[in-house]
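Position 103, counted from 1, in the sequence shown is what this note's numbering calls 108; the numbers after and before it change by one each time, with no gaps. Everything on this sheet refers to the single structure shown next.
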Amino acid sequence: MSAVCENKATGFLVLDNTILSTADSIVYKDTPEQDCFTTCSTNRDQFGRSILCASFVYDHSSFTCTIFKEKAKPEGKAEVAQVVGKRYFEKMRCPKECADSQFIRADDSVLIGFARNVTLVETMEQCVGQCVKEIDCK
């Protein structure tokens with residue numbers, strides 16, 4: 006998936022306590038999380054300049070927004086690392102009904118208990134697309 010979501014809405018997969026391990030980034034200091042979210046969603050910084058954002062990391066303690074052109078594996082090529090207090094957001098295309106939504110990404114997790122429905126998909130975007138069709142999507 007590219008960083009531009011043509012004919013679809015933008016949503017985000019979110020991982021807490023995670024950063025992207027790549028040096029190719031743009032850093033904005035003293036930035037509220039919502040401004041970082043908007044910058045990545047629109048591919049425009051607060052001055053209206055065009056940027057390319059596929060993902061970002063927000064640091065709540067220093068109010069720092071770090072924008073990346075790359076995504077984490079498996080959708081992208083970058084590795085992630087665990088760092089307390091940082092939150093990783095990965096942009097994805099989703100149906101219009103989930104515009105600006107955030108979905109918790111649970112890497113290396115297993116569902117224990119009752120699953121009403123199980124669907125095999127190739128990407129996380131397809132998983133979200135299937136989920137939002139269900140009434141009880143979480």
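Built from N, CA and C at the ideal position, the CB exists for glycine as well.
Exercise for review: Assess, as a yes-or-no matter, whether the region 30 to 42 is touched by the region 54 to 72 under the definition of 3 or more beta carbon pairs within less than 8 Å.
Suggested key: yes
Point to revise | Reference residue 132; option with closest CA among 117, 108, 23, 26 | key: As a position in the sequence shown, residue 132 is number 127, starting the count at 1. Closest option to residue 132, Cα to Cα, is 108.
Exercise for review: To the nearest angstrom, report how far apart residue 125 and residue 135 are at their CA atoms.
Suggested key: One-based indexing of the sequence shown puts residue 125 at position 120. One-based indexing of the sequence shown puts residue 135 at position 130. Near 10 Å, if we compare the C-alpha coordinates of residue 135 and residue 125.
Check your understanding: If you draw a straight line from the alpha carbon of residue 39 to that of residue 81, how long is it in whole angstroms?
Key -> Translated into the one-based positions of the sequence shown, residue 39 becomes position 34. Translated into the one-based positions of the sequence shown, residue 81 becomes position 76. One C-alpha to the other measures close to 24 Å.
Check your understanding: What is the DSSP secondary structure of residue 131, counted as helix, strand or coil?
Key -> As a first step, residue 131 must be located in the sequence shown, where it is residue number 126. In the structure shown, residue 131 sits in a helix (DSSP, three-state: H, G or I).
Review point. If you count every other CB in all the chains shown that lies within 10 Å of the CB of residue 61, and 16 or more means buried, which is it?
Key: Mapped onto the sequence shown, residue 61 falls at position 56. Buried, since its Cβ has 16 or more Cβ neighbours within 10 Å.
**Study point:** Closest Cα partner of residue 46 within the set 24, 87, 83, 94
**Key:** Counting from 1 along the sequence shown, the entry for residue 46 is found at position 41. Checking every option, the nearest Cα to that of residue 46 belongs to 94.
Review point. Going by DSSP, what residues sit across from residue 56 in a beta bridge?
Key: For this step, residue 56 is matched to residue 51 along the sequence shown. In the DSSP output, where bridge partners are listed per residue, residue 56 has none listed.
Check your understanding: Under 7 Å between C-beta atoms, does residue 37 make it to chain C?
Key -> Reference to chain C is not applicable here, since this structure consists of a single protein chain.
**Study point:** For residue 47, three-class secondary structure by DSSP
**Key:** Residue 47 sits at position 42 when you count from the first residue of the sequence shown. Residue state, collapsed to three classes: helix.
Point to revise | residue 91 - partner residues in DSSP beta bridges | key: On the sequence shown, residue 91 is found 86 positions in, with the first residue counted as 1. Answer is 64, bridged to residue 91.
Review point. Quick one: is residue 117 buried, meaning 16 or more other Cβ sit within 10 Å of its Cβ, or exposed?
Key: What you label residue 117 is simply residue 112 of the sequence shown in a count that begins at 1. Burial call: exposed.
**Study point:** Alpha-carbon spacing of residue 91 relative to residue 119, whole angstroms
**Key:** For the purposes of this step, residue 91 is taken as the residue at position 86 of the sequence shown. For the purposes of this step, residue 119 is taken as the residue at position 114 of the sequence shown. Answer to the nearest angstrom: the Cα atoms are 32 Å apart.
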